[in-house]
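Quick note, the sequences are listed as chains F and W, same order. In my numbering, each number is its position in the first sequence, counted from 1, plus 116. In my numbering, each number is its position in the second sequence, counted from 1, plus 116. Inspection log for the structure reproduced underneath, given as structure tokens.
2 protein chains.
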Amino acid sequence: MAGKAAAKQRSGCPLSVSLDVFGDRWSLLIVRDLMVRGYRTFREFLHSGEGIATNVLADRLKKLEAAGIITPELDEKDARKINYRLTEKGIDLAPALLEIFVWAARYEETGASCEIVTQMSEHREAVLAETRRRWRERDLTPLIPGVTGEKLRIMKGKGGLLKT
Amino acid sequence: MAGKAAAKQRSGCPLSVSLDVFGDRWSLLIVRDLMVRGYRTFREFLHSGEGIATNVLADRLKKLEAAGIITPELDEKDARKINYRLTEKGIDLAPALLEIFVWAARYEETGASCEIVTQMSEHREAVLAETRRRWRERDLTPLIPGVTGEKLRIMKGKGGLLKT
DNA sequence: AGAATTACTTGCAAATCGCAAGTAATCTGA
DNA sequence: TCAGATTACTTGCGATTTGCAAGTAATTCT
């Protein structure tokens with residue numbers, strides 16, 4: 117019931133298969149919210165500033181779950197809440213998201229500062245490692261602090277990257 | 117007329133902006149055809165094995181052109197033909213496509229051989245350099261020869277990569 | 001106990017998609 | 001030369017998907 121509609125006739129190309137999974141305007145934004153913003157709940161995704169409708173959000177959460185990209189976890193303190201979490205398959209979308217991010221920041225008018233993009237390109241591996249560390253340790257602090265305005269700064273210490 | 121419908125209310129996040137441009141099931145497949153298969157015409161895109169409809173293909177070509185990702189060029193020998201070509205902005209989607217490709221090949225059931233994926237991961241920079249070289253020199257030989265079956269082989273010589 | 005909050009579902013009009021058919025310009029072969 | 005094929009589309013139409021508003025059920029707060 118919650119499965120994906122089997123697309124009609126497509127090649128087995130990995131890109132094609134990928135687009136069957138997240139080839140729409142919303143799916144990757146949910147993944148982004150989970151990956152870099154520390155969002156976990158329906159409500160947070162809904163108010164992430166993109167204007168997704170509730171029915172579409174519910175549908176995408178179902179599909180992402182069916183695709184094995186996210187898993188729902190019950191909140192221990194509040195039985196109403198469902199905390200979604202990226203699976204390993206989900207967090208492994210990080211390199212793809214990073215490349216898309218860098219591309220758009222370079223060619224489109226976006227709200228991203230040149231500084232952040234430069235850091236992302238130059239410290240690609242470190243950013244990806246930090247992204248994965250946050251996921252592993254369930255660290256919910258945003259990867260890029262304060263989506264509006266604040267600056268990205270590389271911490272010189274061990275491991276610490278992209279903290280405000 | 118050929119512009120994009122301005123999406124309602126979205127954040128200026130680069131990912132969000134990207135999805136406004138190619139967040140659908142077809143756009144990136146056209147980019148792929150241009151980038152790695154050496155396809156250039158309406159007809160080739162139509163028969164690339166994905167099953168896109170003619171009206172949708174026409175629409176996506178318009179939008180990709182409006183977004184500055186592709187440009188149409190008149191064929192010198194056949195006035196009926198339009199040869200589409202990636203712009204620099206378009207070819208710079210290569211890293212993103214590569215990451216998506218590798219992700220899907222790893223996690224989804226695709227027609228890609230493990231060998232090709234391994235090569236792509238391990239020789240990422242070389243693959244990207246070769247992709248760009250092909251674009252620059254208008255080399256139309258497929259990056260991955262014979263989409264079905266044939267093997268990928270790394271050439272040991274100078275520059276030559278991913279030839280059959 | 002009443003009011004919020006959370007995560008949805010339902011209903012409906014509008015936009016988009018998939019499919020089939022049609023068109024205009026150009027080329028090709030007898 | 002000219003009928004038929006080819007190329008790049010457009011048009012029409014029913015089906016699906018989207019966007020928006022409203023409603024619902026299960027908690028939790030006060």
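We put the beta carbon where it would ideally sit given N, CA and C, even for glycine.
Nearest-angstrom Cβ-Cβ length linking residue i and residue j, presumed shorter than 8 Å
i	j	result
R240 (chain W)	L214 (chain W)	7 Å
V152 (chain F)	T257 (chain F)	That pair is no contact at about 10 Å.
R176 (chain W)	S132 (chain W)	Not really, about 19 Å apart at Cβ, beyond 8 Å.
T157 (chain F)	C129 (chain W)	So it is not a contact: roughly 19 Å between Cβ atoms.
D208 (chain W)	W251 (chain F)	Not really, about 28 Å apart at Cβ, beyond 8 Å.
L356 (chain W)	I186 (chain W)	Look at the range of chain W in this structure, 117 to 280, and you will see that residue 356 (chain W) is not part of it.
E238 (chain F)	S127 (chain W)	Not quite, the Cβ-Cβ distance comes to about 24 Å (not below 8 Å), so this is no contact.
A228 (chain F)	A221 (chain F)	4 Å
L180 (chain W)	I146 (chain W)	6 Å
Extent of the continuous alpha helix (DSSP H) to which residue i belongs
i	result
P130 (chain F)	130 to 138
S127 (chain F)	S127 (chain F) -> no alpha helix (DSSP H), and no H or E assigned at all.
I260 (chain F)	It is not in any alpha helix (DSSP H) - I260 (chain F) carries neither H nor E in the DSSP assignment.
G206 (chain W)	204 to 207
R148 (chain W)	143 to 148
Assess, as a yes-or-no matter, whether the segment 136 to 144 of chain W is touched by the segment 230 to 248 of chain F under the definition of 3 or more beta carbon pairs within less than 8 Å.
no
Return the chain-ordered ranges of every alpha helix (DSSP H) run that is complete within the segment 213 to 253 of chain W and spans a minimum of 4 residues.
230 to 238, 240 to 252
When you check each C-beta in the segment 205 to 220 of chain W against every C-beta of chain F, which residues fall closer than 7 Å?
K205, D208, L209, P211, A212, L213, E215, I216, F217, W219, A220
Is there contact here, the segment 165 to 175 of chain F with the segment 187 to 205 of chain F, by at least three beta-carbon pairs under 8 Å?
no
Run through the segment 158 to 198 of chain W for me and flag every whole beta strand (DSSP E) of 3 or more residues, listed as ranges in chain order.
186 to 190
Short-range partners of chain F found in the segment 225 to 246 of chain W, where Cβ spacing is below 9 Å
E225, T226, G227, A228, V233
When Cβ atoms are compared, which residues of the segment 124 to 139 of chain F fall closer than 8 Å to chain W?
K124, Q125, R126, S127, G128, C129, P130, L131, S132, V133, S134, L135, D136, V137, G139
According to a CB-to-CB cut-off of less than 8 Å, which residues of the segment 151 to 172 of chain W neighbour chain F?
S164, G165, E166, G167
What are the residues in the segment 190 to 205 of chain F lying within 7 Å of chain W by C-beta distance?
K205
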